[in-house]
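K.L.:
Just so you know, the protein sequences line up as chains A and B, in that order. Per full-length UniProt numbering: the first sequence ends with 357, consecutive numbering throughout. Per full-length UniProt numbering: the second sequence ends with 337, consecutive numbering throughout. The C-beta atom is built at its ideal place from N, Cα and C for all residues, glycine as well.
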Amino acid sequence: MSSTISDIYNFDLPQLTRIAHAGHVKRCLSGLPDSQVDVDSGRMALAFYCIGSLDLLKMVQDKISSSDRESWREWIWEQQTSGKYGAGFRPGPFMSTGPSSTSTYTDYDTPHIIMTYTALLTLAILRDDFSRLDKRGMLVLLKSCQREDGSFSTVPGSVSGETDLRTLYCAFVISHLLNDWSGINVDRALSFIASCRSYEGGYGQTTYCEANGGTTYIAMAAIHLAPVPSVPLTPSEKRKTIEWAIHKQLQSGGFCGRTNKVADACYCFWIGGSLKILGAASFIANCQFKFGGIAKAPGEHPDPYHTYLSLAALSMFPLDDAHSTSFASSWVFEPLDPLINARQETAEWARKYIAIR
Amino acid sequence: MSSPTTSAPEPPRYADRPEWSDVIPVEQYENVNPLAPIFYKDIYKDAADYFRGIVKTGEKSQRVLDLTERIIRLNPAHYTAWQYRYETLLAIEADLEDELRLMDELAITYLKTYQVWHHRRLLMLKIRKPATELVFIAKTFREDAKNYHTWSYRQWLLAYFNDDSLWSGELDFVDELLNADIRNNSAWHHRFFTVFQSGVRDGEQDTERILRRELIYVKQSISLAPNNASAWNYLRGILDHNGIPYSKMIAFVQPYTLPNDDQKADLVDLDNPPPSKDAHLPCAAAVEFLADIYEAEGGDSMLKATELWKSLGNEHDVARKKYWEYRIREGLRAIQT
Numbered sequence: 001m002s003s004t005i006s007d008i009y010n011f012d013l014p015q016l017t018r019i020a021h022a023g024h025v026k027r028c029l030s031g032l033p034d035s036q037v038d039v040d041s042g043r044m045a046l047a048f049y050c051i052g053s054l055d056l057l058k059m060v061q062d063k064i065s066s067s068d069r070e071s072w073r074e075w076i077w078e079q080q081t082s083g084k085y086g087a088g089f090r091p092g093p094f095m096s097t098g099p100s101s102t103s104t105y106t107d108y109d110t111p112h113i114i115m116t117y118t119a120l121l122t123l124a125i126l127r128d129d130f131s132r133l134d135k136r137g138m139l140v141l142l143k144s145c146q147r148e149d150g151s152f153s154t155v156p157g158s159v160s161g162e163t164d165l166r167t168l169y170c171a172f173v174i175s176h177l178l179n180d181w182s183g184i185n186v187d188r189a190l191s192f193i194a195s196c197r198s199y200e201g202g203y204g205q206t207t208y209c210e211a212n213g214g215t216t217y218i219a220m221a222a223i224h225l226a227p228v229p230s231v232p233l234t235p236s237e238k239r240k241t242i243e244w245a246i247h248k249q250l251q252s253g254g255f256c257g258r259t260n261k262v263a264d265a266c267y268c269f270w271i272g273g274s275l276k277i278l279g280a281a282s283f284i285a286n287c288q289f290k291f292g293g294i295a296k297a298p299g300e301h302p303d304p305y306h307t308y309l310s311l312a313a314l315s316m317f318p319l320d321d322a323h324s325t326s327f328a329s330s331w332v333f334e335p336l337d338p339l340i341n342a343r344q345e346t347a348e349w350a351r352k353y354i355a356i357r
Numbered sequence: 001m002s003s004p005t006t007s008a009p010e011p012p013r014y015a016d017r018p019e020w021s022d023v024i025p026v027e028q029y030e031n032v033n034p035l036a037p038i039f040y041k042d043i044y045k046d047a048a049d050y051f052r053g054i055v056k057t058g059e060k061s062q063r064v065l066d067l068t069e070r071i072i073r074l075n076p077a078h079y080t081a082w083q084y085r086y087e088t089l090l091a092i093e094a095d096l097e098d099e100l101r102l103m104d105e106l107a108i109t110y111l112k113t114y115q116v117w118h119h120r121r122l123l124m125l126k127i128r129k130p131a132t133e134l135v136f137i138a139k140t141f142r143e144d145a146k147n148y149h150t151w152s153y154r155q156w157l158l159a160y161f162n163d164d165s166l167w168s169g170e171l172d173f174v175d176e177l178l179n180a181d182i183r184n185n186s187a188w189h190h191r192f193f194t195v196f197q198s199g200v201r202d203g204e205q206d207t208e209r210i211l212r213r214e215l216i217y218v219k220q221s222i223s224l225a226p227n228n229a230s231a232w233n234y235l236r237g238i239l240d241h242n243g244i245p246y247s248k249m250i251a252f253v254q255p256y257t258l259p260n261d262d263q264k265a266d267l268v269d270l271d272n273p274p275p276s277k278d279a280h281l282p283c284a285a286a287v288e289f290l291a292d293i294y295e296a297e298g299g300d301s302m303l304k305a306t307e308l309w310k311s312l313g314n315e316h317d318v319a320r321k322k323y324w325e326y327r328i329r330e331g332l333r334a335i336q337t
């Protein structure tokens, strides 16, 4: 039998171990074992999940020394690089042979769209003034990465980089933060999004693919970020998307990413975020999350990705304080901006300081 | 070919191999305070140093294939190693079918890595022999029949090469997967893609016949396993796609909304197969479907819809109680205005 919300809150909701979660991501920031070598080509994203988790826990300004914040910013700026395809951030220095400021990049060390998005958000979390941002170069990079069908490749160049909705979303957030959409062809991008829509009501990663929670969030956020007056979803399409998302919640309270799959903590964010954007989230605000701590599911190993997205989901859907327990305060978060995926105060900072560059 | 098992002895470092002595290794440049640094194993650092050295001189030769393969086996997400490898294959006019055979092994070892599939796509654009690829993909589904990358690759192959002989086996293929797991949503999705999203092929011009075939297929599947969201989504999908109102399904759906003991003795009716004897009824998806029919009728039927939503919230689908309450509010608002 399914348990009610108050059952869960009365005896099942433990303290949210904020300090322990902060400790996990801080350890990752100080170094990772060789077994994690596959994140080397995505280090900037890992840094965002770690520093973003600290931001959601409200620990960046008070609990991190200003010299640490300063050195983190320096590392991120070191990854900004410019050259023939425009400017942006690379994932890290795994192909780097010297300081990025002294020479332009080669075809094997180019900036990366997803990493540029995560770098901008992380710098906003660290309250950087963005005076070093190469805005003009970034618009060129976006142009270099957009393909004929409206999608975006992760890196510029003819053979490199897969194209799918993830990169398109990041290109949209970058344009939104720059407050300048001249780097992309919005109409083409929107028709690419439409081509990813599945008969189920969700969106697949690319044309013809199965509906998935992550890419549905991204499609919804991108459509709502687009600088066009009308929302290109009909009321019946919108309803079908809501229905699809609602049915991703399982008896356990957790969410799965595709029809008939098992729950994973990150889909609390991806599905919850889709519903939030569609204005249909009020009725799940009171639902408890099957909250596997900071791993994808209970009993699995924690990682910064699931930690960040779980905390971000809690930021979007505050617990109903009628069910407060002695640990209630450990579950309190500040609101999150669901479109760009950052704490509201951080999102405001990013909009203000990036756009003026 | 070395296997990626941990028990195998470590291959010699490039720094210790005389045939590499002409290459100057280049260390990774990182400023004083790295963020989230990775503590590389010596063997990885050695290969990466030589890789940066090779990229710096622009060498594209047979030995670059050996070097990039080592890096990929240690770190399959290293997209620059993949990129450089692909360019090298083209530059030295390597046999791409040999490369594809190596990829058969790597794809299964690193099933969830984007780069493995991206590389394969690039190779196929040159080799242009998609038929054997479909056979290979079917084999990988024995490891994981819901792997997103593999399905995406299969859909790309079919749509890109778009050859009637390629499509001809797809429905049998889907059928086989659904016989193994009737709840495999990826297989249901692929069926929709094959039947409705890929244009009209020879022998399929009679869309009425195709539609009828698909309705019979999905209804039979529901009758075997009524509580299967994938099949109900497929039913809704083909009705939406063909502009058919849900009300046409009322005779089929109704028996699934009643408890088991209310079921009448069944007549054999191919259009309306009844729930199997051991089905768990009423089926929430059927109740939801029937409510949608009543909601679309509007007027007095809206009250029938709200009763069904109430039963979902209180009995058949309690986890979504808040959602059903919201549907009731919206439904009542619609008839008041």
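For the candidate residues B:Pro-25, B:Asp-271, B:Phe-252 and B:Gln-83, whose alpha-carbon lies nearest to that of B:Leu-290?
P.N.:
Checked all of B:Pro-25, B:Asp-271, B:Phe-252 and B:Gln-83; the closest Cα to B:Leu-290 is B:Phe-252.
K.L.:
How would you label A:Leu-46, buried or exposed, when you count the other beta carbons within 10 angstroms and need 16 or more for buried?
P.N.:
When all chains shown are included, A:Leu-46 counts as buried.
K.L.:
Quick check: is the beta carbon of B:Glu-30 nearer than 7 Å to any beta carbon in chain A?
P.N.:
Closer than 7 Å to some Cβ of chain A, the Cβ of B:Glu-30 qualifies, so yes.
K.L.:
Buried or exposed, going by whether 16 or more other CB atoms sit within 10 Å of the CB of B:Leu-308?
P.N.:
Buried, since its Cβ has 16 or more Cβ neighbours within 10 Å.
K.L.:
Counting only runs that start and end within the stretch 42-109 of chain A, where is the beta strand (DSSP E) found for 3 or more residues in a row?
P.N.:
Listed in chain order, the complete beta strand (DSSP E) runs (minimum 3 residues) inside the stretch 42-109 of chain A are 80-83 and 86-89.
K.L.:
Does B:Leu-312 have its Cβ less than 7 Å from a Cβ in chain A?
P.N.:
So no, B:Leu-312 is outside the interface.
K.L.:
My understanding is that B:Leu-123 touches B:Glu-99, with C-beta atoms under 8 Å, so please give their C-beta distance in whole angstroms.
P.N.:
Between B:Glu-99 and B:Leu-123 the Cβ distance is about 6 Å, and since that is below 8 Å, they are a contact.
K.L.:
CA-CA distance, B:Tyr-86 and B:Thr-257?
P.N.:
For B:Tyr-86 and B:Thr-257, the distance between alpha carbons rounds to 56 Å.
K.L.:
Using a threshold of 7 Å, state whether the C-beta atoms of A:Ser-175 and A:Ile-184 are closer than that.
P.N.:
The answer is yes: Cβ separation under 7 Å.
K.L.:
Can you tell me which of the three DSSP states A:Asn-341 falls into?
P.N.:
DSSP places A:Asn-341 in coil when its eight states are reduced to three.
K.L.:
Mind pulling the chain B residues with CB within less than 8 Å of A:Pro-156?
P.N.:
Going along chain B, no residue has its Cβ under 8 Å from A:Pro-156, so there is no contact; the nearest lies around 12 Å.
K.L.:
With a threshold of 7 Å between beta carbons, is A:Leu-309 in contact with chain B?
P.N.:
No, its Cβ sits nowhere closer than 7 Å to a Cβ of chain B.
K.L.:
To be precise: take each residue of the stretch 129-143 of chain B, compare its Cβ to all Cβ atoms of chain A, and keep it if any distance is under 7 Å. Which residues remain?
P.N.:
Cβ contacts with chain A: none found.
K.L.:
Cα-Cα, which of A:Ala-171, A:Asn-260, A:Asp-164 and A:Ser-191 is closest to A:Thr-215?
P.N.:
Closest by alpha carbon: A:Asp-164.
K.L.:
A:Thr-206 versus chain B: which residues are under 9 Å apart at the beta carbon?
P.N.:
Within 9 Å Cβ-Cβ: Ser-152, Gln-155 and Trp-156.
K.L.:
Measuring alpha carbon to alpha carbon, tell me which of A:Cys-209, A:Pro-304 and A:Gly-88 ends up nearest A:Tyr-49.
P.N.:
Ranking the options by Cα distance to A:Tyr-49, first place goes to A:Pro-304.
K.L.:
Rounded to whole angstroms, what is the Cα-Cα separation between B:Arg-206 and A:Gln-251?
P.N.:
The sequence given here places Asp at residue 206 of chain B; Arg does not occur at that position. The alpha-carbon atoms of B:Asp-206 and A:Gln-251 are separated by roughly 42 Å.
K.L.:
Which residue from B:Val-218, B:Leu-96 and B:Trp-151 puts its Cα closest to that of B:Lys-129?
P.N.:
With distances taken between Cα atoms, B:Lys-129 lies closest to B:Leu-96.
K.L.:
Between A:Ala-22 and A:Met-59, which are expected to be in contact by the criterion C-beta below 8 Å, what is the C-beta distance as a whole number of angstroms?
P.N.:
Contact holds; Cβ gap of about 5 Å.
K.L.:
With DSSP as the reference, label B:Asn-233 as helix, strand or coil.
P.N.:
Correct three-state label for B:Asn-233: helix.
K.L.:
Verify the CB distance criterion: does A:Val-140 have a CB-CB separation below 7 Å to chain B?
P.N.:
No, A:Val-140 lies away from the interface with chain B (no Cβ there is under 7 Å from its Cβ).
K.L.:
Report the three-state DSSP secondary structure of A:Pro-302 (helix, strand or coil).
P.N.:
Reduced to three states, the DSSP call for A:Pro-302 is strand.
K.L.:
Whose C-beta lies closer than 6 Å to the C-beta of B:Arg-191 among residues of the same chain, with five residues either side of it excluded?
P.N.:
For B:Arg-191, where only same-chain residues beyond five positions count, the Cβ hits under 6 Å are Val-174.
K.L.:
List the residues of chain B that A:Trp-75 touches, going by C-beta distances under 8 Å, in chain order.
P.N.:
In chain order: Asn-31, Asn-33, Pro-34 and Leu-35.
K.L.:
Please say whether A:Val-186 and A:Ala-226 have beta carbons closer to each other than 7 Å?
P.N.:
Yes.
K.L.:
What residue does the alpha helix (DSSP H) around B:Leu-157 start on, and which one ends it?
P.N.:
It spans 148-161 - the alpha helix (DSSP H) in which B:Leu-157 sits, taken as one unbroken run.
K.L.:
Can you tell me where the alpha helix (DSSP H) holding B:Arg-52 begins and where it ends?
P.N.:
Its alpha helix (DSSP H) spans residues 42-57.
K.L.:
What separation, rounded to the nearest whole angstrom, lies between the Cα atoms of A:Gln-61 and A:Arg-127?
P.N.:
A:Gln-61 and A:Arg-127: Cα-Cα distance of roughly 9 Å.
K.L.:
Whole angstroms are fine: how far does the CA of A:Lys-352 sit from the CA of B:Glu-170?
P.N.:
Their backbone Cα atoms lie some 52 Å apart in a straight line.
K.L.:
To the nearest angstrom, how far is the alpha carbon of A:Leu-309 from that of A:Phe-269?
P.N.:
Taking the straight line joining both Cα atoms gives about 6 Å.
K.L.:
Along the chain, where does the alpha helix (DSSP H) that runs through B:Thr-140 open and close?
P.N.:
Where B:Thr-140 is concerned, the enclosing alpha helix (DSSP H) stretches over 130-140.
K.L.:
State the CB to CB distance for the pair A:Lys-276 and A:Pro-335, rounded to an integer number of angstroms; the pair is presumed to be in contact (CB under 8 Å).
P.N.:
Their Cβ separation, rounded to whole angstroms, is 11 Å, which puts A:Lys-276 and A:Pro-335 out of contact at 8 Å.
K.L.:
Only counting the same chain, and skipping five residues up and downstream in sequence, which positions put a Cβ closer than 8 Å to that of A:Ile-218?
P.N.:
Once the five neighbours on either side are set aside, the close Cβ partners of A:Ile-218 are Leu-165, Arg-166, Leu-168, Tyr-169 and Tyr-203.
K.L.:
Alpha carbons only, please: which of B:Tyr-246, B:Trp-232 and B:Ala-131 is nearest the one belonging to B:Ile-293?
P.N.:
The candidate whose alpha carbon is nearest that of B:Ile-293 is B:Tyr-246.
K.L.:
May I ask you to report which of helix, strand or coil DSSP gives A:Leu-165?
P.N.:
If DSSP states are grouped into helix, strand and coil, A:Leu-165 belongs with the helices.
K.L.:
Go through its chain and collect everything with a Cβ distance to A:Arg-18's Cβ below 7 Å, but skip five positions before and after it.
P.N.:
Taken in chain order, the residues that qualify are Leu-57 and Ser-330.
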